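Residue numbers (the numbering used here): 48 to 230.
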Amino acid sequence: MTDYLNDERDFAPFDEARGDAIRTALMAHVAEGAKKPARKRRRIITIVVPSVLLAIAVTGATLWLVKPVTDQGAVHCFARAEIDWFGGFPGATVSAAAPNAEQVPVDDAIALCTQVWKDGLLDPEVADGTPQGPDGRPIVNERRDSPVPDPLTVCVMRDGTAAVLPGPATICSRAGLASRQER
48 MTDYLNDERD FAPFDEARGD AIRTALMAHV AEGAKKPARK RRRIITIVVP SVLLAIAVTG
108 ATLWLVKPVT DQGAVHCFAR AEIDWFGGFP GATVSAAAPN AEQVPVDDAI ALCTQVWKDG
168 LLDPEVADGT PQGPDGRPIV NERRDSPVPD PLTVCVMRDG TAAVLPGPAT ICSRAGLASR
228 QER
């Protein structure tokens, strides 16, 4: 077994030059560790880039979730807040006509759908939302006193027409529709 403590081998002497070399190497190592802006830069990038992407997504979602009614030729009156992939819904599509039978723009979608509800033309219990008699024709309440859901909310369909749904303002997003942008 070798006795390293009492080994007489010639080791390099620990003189001032060797001490300076060790000190220089140690200082270089410490200075290299202090140069960590890459870590800081990485941290900034991992915070800033996702934040910017999130801001863009929120802006895009806001633009998609709030749209103006661009087609005032008709209003979709929903009996329930449901819509299928093809745009089908339980309810009725209503338009207004002038005495000369020309279609006129619908300015007040809620008033029009309120009247449809009062006339008894919408029923949330019926599969397609419109009650029909045995002859297949819509049943109309002649007294015009059928209950009207409160509140009714205007949303916007993909094609730009107004859709009036029974429920609060949040009903539009729950049904997958855009909220109406106020003029």
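Glycine is no exception: its CB is placed at the ideal position from the N, C-alpha and C atoms. Bear in mind that the values here come from a model prediction, so they are computed numbers and not experimental data.
How should residue i be labelled, buried or exposed, when 16 other C-beta atoms within 10 angstroms of its C-beta is the threshold for buried?
| i | result |
| --- | --- |
| V77 | exposed |
| P146 | exposed |
| G135 | exposed |
| D197 | exposed |
| I92 | exposed |
| L110 | Its pLDDT being 49, under 50, L110 is placed unreliably in this model, and the coordinates cannot settle the point. |
| L169 | buried |
| I218 | buried |
| M74 | exposed |
| V153 | buried |
| A121 | buried |
| V96 | exposed |
| C99 | For the record, residue 99 in the displayed sequence is Val; it is not Cys. With fewer than 16 other Cβ atoms within 10 Å, it is exposed. |
Enumerate in chain order the residues of its own chain whose CB-to-CB distance from residue i is below 6 Å, with the five nearest sequence positions on each side excluded.
| i | result |
| --- | --- |
| D62 | none |
| P171 | A126 and R127 |
| I94 | none |
Between which two residues does the beta strand (DSSP E) containing residue i stretch?
| i | result |
| --- | --- |
| V116 | Where V116 is concerned, there is no enclosing beta strand (DSSP E), given that its DSSP letter is neither H nor E. |
| T208 | T208 to P213 |
| L199 | L199 to V203 |
| A174 | Element bounds for A174: n/a, residue is neither H nor E. |
Tell me which residues share the same chain as residue i and place their Cβ nearer than 7 Å to its Cβ, disregarding the 5 neighbours each side in the sequence.
| i | result |
| --- | --- |
| I186 | G167, P178, Q179 and G180 |
| D118 | D206, G207 and T208 |
| I157 | L199, V201 and V211 |
| V195 | T161, W164 and K165 |
| D175 | P137 |
| D192 | K165 |
Starting from residue i, follow the alpha helix (DSSP H) in both directions and report where the run begins and ends.
| i | result |
| --- | --- |
| A222 | I218 to A222 |
| W164 | A156 to K165 |
In the DSSP assignment, what residue or residues form a beta bridge with residue i?
| i | result |
| --- | --- |
| C124 | A139 and V211 |
| S226 | V113 and C202 |
| P185 | Q179 |
Check your understanding: Touching or not, the stretch 113-131 and the stretch 203-215, by the rule of three or more beta carbon pairs under 8 Å?
Key -> yes
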